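Structure record follows, encoded as structure tokens.
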Amino acid sequence: MSNKNQGQQQGKPKKTAIRFTREADFPQWYQEVIKEADMAENSGVRGCMVIKPWGFGIWENLQRRLDKRIRETGHENCYFPLFIPLELIEKEAAHVEGFAKEMAVVTHHRLVAKDGKLEPAGELESPLVVRPTSETMIGESFAKWIRSYRDLPVMINQWANVVRWEMRPRLFLRTSEFLWQEGHTAHATEQEARDETATMLEEYRALAEDWLAIPVIPGEKSESERFPGAVETHTIEAMMQDGKALQAGTSHYLGQNFAHAADIKFQDKDGGESYCHTTSWGVSTRMIGAMIMTHGDDDGLRVPPTIAPHQVVILPIARDEDAAARVLPAADELAEKLKNYVAFGDVVRVHVDKRDMNTGEKRWSWIKKGAPIIVELGPRDLDEGSVMVTKRTRIHDKTSQKVEAFVPTITEQLVLIQYALFDEATAYRDARIKTDIADFDAFKTYFENEDVHTAGFVRAYWCETAESEESLKDLGVTIRCLPYDQPEDPGVCVITGAPATKQAIFAKAY
RNA sequence: CGGGGGGUGGCGCAGUCUGGUAGCGCAUCUGGUUUGGGACCAGAGGGUCGCAGGUUCGAAUCCUGUCCCCCCGACCA
Numbered sequence: 000m001s002n003k004n005q006g007q008q009q010g011k012p013k014k015t016a017i018r019f020t021r022e023a024d025f026p027q028w029y030q031e032v033i034k035e036a037d038m039a040e041n042s043g044v045r046g047c048m049v050i051k052p053w054g055f056g057i058w059e060n061l062q063r064r065l066d067k068r069i070r071e072t073g074h075e076n077c078y079f080p081l082f083i084p085l086e087l088i089e090k091e092a093a094h095v096e097g098f099a100k101e102m103a104v105v106t107h108h109r110l111v112a113k114d115g116k117l118e119p120a121g122e123l124e125s126p127l128v129v130r131p132t133s134e135t136m137i138g139e140s141f142a143k144w145i146r147s148y149r150d151l152p153v154m155i156n157q158w159a160n161v162v163r164w165e166m167r168p169r170l171f172l173r174t175s176e177f178l179w180q181e182g183h184t185a186h187a188t189e190q191e192a193r194d195e196t197a198t199m200l201e202e203y204r205a206l207a208e209d210w211l212a213i214p215v216i217p218g219e220k221s222e223s224e225r226f227p228g229a230v231e232t233h234t235i236e237a238m239m240q241d242g243k244a245l246q247a248g249t250s251h252y253l254g255q256n257f258a259h260a261a262d263i264k265f266q267d268k269d270g271g272e273s274y275c276h277t278t279s280w281g282v283s284t285r286m287i288g289a290m291i292m293t294h295g296d297d298d299g300l301r302v303p304p305t306i307a308p309h310q311v312v313i314l315p316i317a318r319d320e321d322a323a324a325r326v327l328p329a330a331d332e333l334a335e336k337l338k339n340y341v342a343f344g345d346v347v348r349v350h351v352d353k354r355d356m357n358t359g360e361k362r363w364s365w366i367k368k369g370a371p372i373i374v375e376l377g378p379r380d381l382d383e384g385s386v387m388v389t390k391r392t393r394i395h396d397k398t399s400q401k402v403e404a405f406v407p408t409i410t411e412q413l414v415l416i417q418y419a420l421f422d423e424a425t426a427y428r429d430a431r432i433k434t435d436i437a438d439f440d441a442f443k444t445y446f447e448n449e450d451v452h453t454a455g456f457v458r459a460y461w462c463e464t465a466e467s468e469e470s471l472k473d474l475g476v477t478i479r480c481l482p483y484d485q486p487e488d489p490g491v492c493v494i495t496g497a498p499a500t501k502q503a504i505f506a507k508a509y
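Just so you know, we're using numbering that gives the first Met the number 0 here: the first sequence kicks off at 0 and counts up by one.
Shown next as structure tokens:
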């Protein structure tokens with residue numbers, strides 16, 4: 000048995016690679032993972048973060064895959080302005096109301112020097128809102144673009160930053176400015192728009208589960224949780240390791256609400272005039288927060304191989320010049336060999352870490368960053384024709400593998416890590432979905448007494464009334480969604496005891 | 001936005017109550033010894049204490065304002 004604390008001869012012994020454990024303090028642990036993995040940091044601007052290469056690389060890999068799927072499902076990328084005229088966003092009543100509190104507003108367009116300082120001057124006649132989302136702006140364009148049924152459907156997407164002046168920012172989960180994609184489509188018929196909404200939610204489910212290894216529950220939002228202005232909002236809900244829910248992506252059927260507001264209409268075959276049915280859907284950098292809180296452990300981040308900026312990190316071990324002369328070229332050579340293989344549709348991403356620092360420290364830095372496979376290559380390995388392999392899923396089990404066995408199986412090893420992460424997360428989540436809560440007393444007892452060991456979701460029948468939902472408020476519990484897979488038989492509402500036909504997921508949420 | 005806690009070399013902190021011009025550990029740099037699970041010894045560099053103003057002979061310490069961070073709550077992707 001090796002002792003991972005061996006190097007800690009002085010000072011406080013460390014049991015884990017990072018300072019906080021999930022159990023002791025989940026919020027602190029979350030921040031510590033981000034810091035130790037060198038993913039992002041706060042900036043001097045409230046609620047706005049600097050995304051560092053390891054965090055941004057993860058985002059880019061997620062983005063690359065999703066962008067591909069967005070194109071494959073018939074959409075095209077566009078770009079719309081960051082600023083929205085105030086009078087434009089006022090057009091859809093429910094929409095404004097929903098976003099009013101969190102909109103940043105530009106009121107001036109110029110600065111003048113005064114007493115050595117710069118002061119805003121040139122007040123705008125009409126203020127501009129920094130987009131919190133682009134339904135209104137894109138709706139304006141749709142109205143111009145669409146004349147005839149032959150122009151439909153219009154299916155576009157944009158990768159952009161948006162601003163929502165949130166009260167309580169948290170890195171990746173809720174930043175004032177965040178990166179996302181927003182898809183916007185306009186259709187001739189309700190059915191087509193509803194199908195689009197469902198198609199994109201399924202894309203999000205696949206992105207979360209197949210790509211990020213995050214198990215999610217797809218379903219429909221209750222009325223109170225709907226996107227402002229939407230007829231229906233569909234969501235994928237994930238469970239974090241503290242048992243809280245995180246909405247990881249949404250797809251909205253907007254009906255004709257925005258079409259009426261922006262006058263998006265077309266002439267049909269009969270010459271009649273109709274309003275379009277529109278949709279919108281988005282996922283954001285919040286997904287990275289979901290990944291951290293799904294896969295991270297007390298030694299830091301664990302990145303699914305699909306999106307890891309480096310899937311394999313090679314650590315050349317050289318104690319002197321002579322060893323370096325042998326080991327460094329060998330490490331490069333190994334990297335080149337690995338690059339002949341493809342995993343998840345891309346050439347295996349290999350990095351040789353040649354930084355001049357202690358090997359143990361170097362190794363821990365990659366463990367904290369969550370690189371899926373760490374390969375140590377030293378003179379001894381060279382003599383034996385082998386490599387020392389650590390998988391991030393089992394950091395205390397180093398195995399020596401022959402190079403000719405290791406290299407050709409790299410794809411398989413990465414895939415197995417991917418599956419292991421998904422299976423582990425799924426087992427964790429499923430064990431924390433309670434389905435045996437009989438009545439509201441038991442429900443309250445559960446949510447009042449939950450802690451980091453027991454917290455989770457309750458799945459139970461719900462009568463779908465706003466009043467019953469209101470009574471959850473004091474508990475801090477919300478209805479996350481009505482899952483698509485529903486039992487055939489009706490039951491009774493866990494809150495009111497009234498007859499109910501559908502089950503809902505109840506949870507505390509981010 | 002309400003309640004609570006904070007901002008002191010890169011990181012983590014002490015010092016603040018009882019003003020006297022900054023200290024510890026880690027990290028960094030140099031030299032040496034080391035090196036396959038977060039090395040050791042010696043030496044060195046680095047901060048004016050979030051920012052602005054005030055009180056004072058003198059402010060990290062007191063007062064006012066302000067910005068930012070963390071936790072809980074309400075709000076939200």
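Positions of the beta carbon are idealized from the N, C-alpha and C atoms, including for glycine. For clarity, every value in this text was computed on a predicted model and none was experimentally measured.
Can you give me the C-alpha to C-alpha distance between residue i and residue j, rounded to a whole angstrom?
i: glycine 281; j: histidine 395; result: 39 Å
i: glutamate 134; j: valine 326; result: 56 Å
i: isoleucine 366; j: leucine 170; result: 21 Å
i: proline 489; j: tryptophan 461; result: 10 Å
i: aspartate 438; j: histidine 452; result: 22 Å
i: leucine 474; j: arginine 458; result: 16 Å
i: glutamine 310; j: aspartate 37; result: 16 Å
i: isoleucine 213; j: leucine 420; result: 8 Å
i: alanine 256; j: lysine 90; result: The sequence shown places asparagine at residue 256, not alanine. Approximately 10 Å between the Cα atoms of the pair.
i: phenylalanine 177; j: asparagine 160; result: 5 Å
i: histidine 267; j: proline 152; result: Histidine is not the amino acid found at residue 267; the sequence shown has aspartate there. The alpha-carbon atoms of aspartate 267 and proline 152 are separated by roughly 13 Å.
i: glutamate 403; j: isoleucine 416; result: 20 Å
i: isoleucine 504; j: glycine 182; result: 26 Å
i: histidine 294; j: leucine 253; result: 34 Å
i: arginine 146; j: valine 341; result: 46 Å
i: glutamate 222; j: aspartate 355; result: 57 Å
i: phenylalanine 141; j: proline 227; result: 19 Å
i: lysine 507; j: alanine 499; result: 22 Å
i: valine 347; j: threonine 389; result: 17 Å
i: alanine 330; j: leucine 413; result: 19 Å
i: aspartate 352; j: aspartate 209; result: 29 Å
i: glutamate 122; j: glutamate 466; result: 45 Å
i: glutamate 22; j: threonine 284; result: 25 Å
Please classify residue i as buried or exposed, where buried requires at least 16 neighbouring CB atoms within 10 angstroms.
i: histidine 107; result: exposed
i: leucine 117; result: exposed
i: leucine 110; result: exposed
i: glutamine 502; result: buried
i: arginine 393; result: exposed
i: glycine 299; result: buried
i: methionine 136; result: buried
i: glutamate 35; result: buried
i: tyrosine 513; result: Past the boundaries of the shown model lies residue 513; the chain is included only from 0 to 509, so the question cannot be answered.
i: proline 52; result: exposed
i: asparagine 357; result: exposed
i: methionine 292; result: buried
i: glutamine 8; result: Bear in mind that a pLDDT of 27 at glutamine 8, under 50, signals an unreliable position, so the model cannot answer this.
i: arginine 167; result: exposed
i: proline 304; result: buried
i: alanine 99; result: exposed
i: glycine 344; result: exposed
i: alanine 324; result: exposed
Compare the C-alpha of residue i against each of the options and name the closest.
i: phenylalanine 456; options: Ile50, Val346, Ala430, Thr72; result: Ala430
i: threonine 184; options: Arg193, Phe177, Leu178, Glu176; result: Arg193
i: serine 385; options: Ile372, Ser399, Ile373; result: Ser399
i: cysteine 275; options: Glu236, Ala330, Glu191; result: Glu191
i: phenylalanine 442; options: Thr495, Phe226, Arg146; result: Thr495
i: lysine 336; options: Phe25, Phe98, Phe405; result: Phe405
i: glycine 577; options: Ile306, Thr277, Ala247; result: In the structure as shown, the chain starts at 0 and stops at 509, and residue 577 therefore has no counterpart that could be examined.
i: threonine 232; options: Trp158, Glu224, Met239; result: Glu224
i: isoleucine 155; options: Ala112, Glu487, Gly73, Ala92; result: Gly73
i: glutamate 463; options: Asn448, Arg70, Cys492; result: Cys492
i: glutamate 195; options: Ser364, Ala334, Ser250; result: Ser250
i: proline 126; options: Trp144, Ala103, Gly138; result: Ala103
task = Ignoring anything shorter than 4 residues or poking outside the segment 56-125, list the alpha helix (DSSP H) runs there in chain order.
result = 85-88, 92-98
ask   = Do the segment 202-211 and the segment 82-93 make contact, defined as three or more Cβ pairs closer than 8 Å?
value = no
inquiry  = For a minimum of 4 consecutive residues, which ranges assigned as the alpha helix (DSSP H) are wholly contained in the segment 259-296?
reply    = 285-294
key: Unbroken stretches of the alpha helix (DSSP H), 4 residues or longer, contained in the segment 408-479   = 409-430, 439-448, 465-469
request  = Would you check if there are 3 or more beta carbon pairs closer than 8 Å linking the segment 232-250 to the segment 368-385?
outcome  = no
inquiry  = Quick check for students: name the residue ranges of the beta strand (DSSP E) that lie wholly in the segment 127-173, counting only runs of 3 or more.
reply    = 153-162
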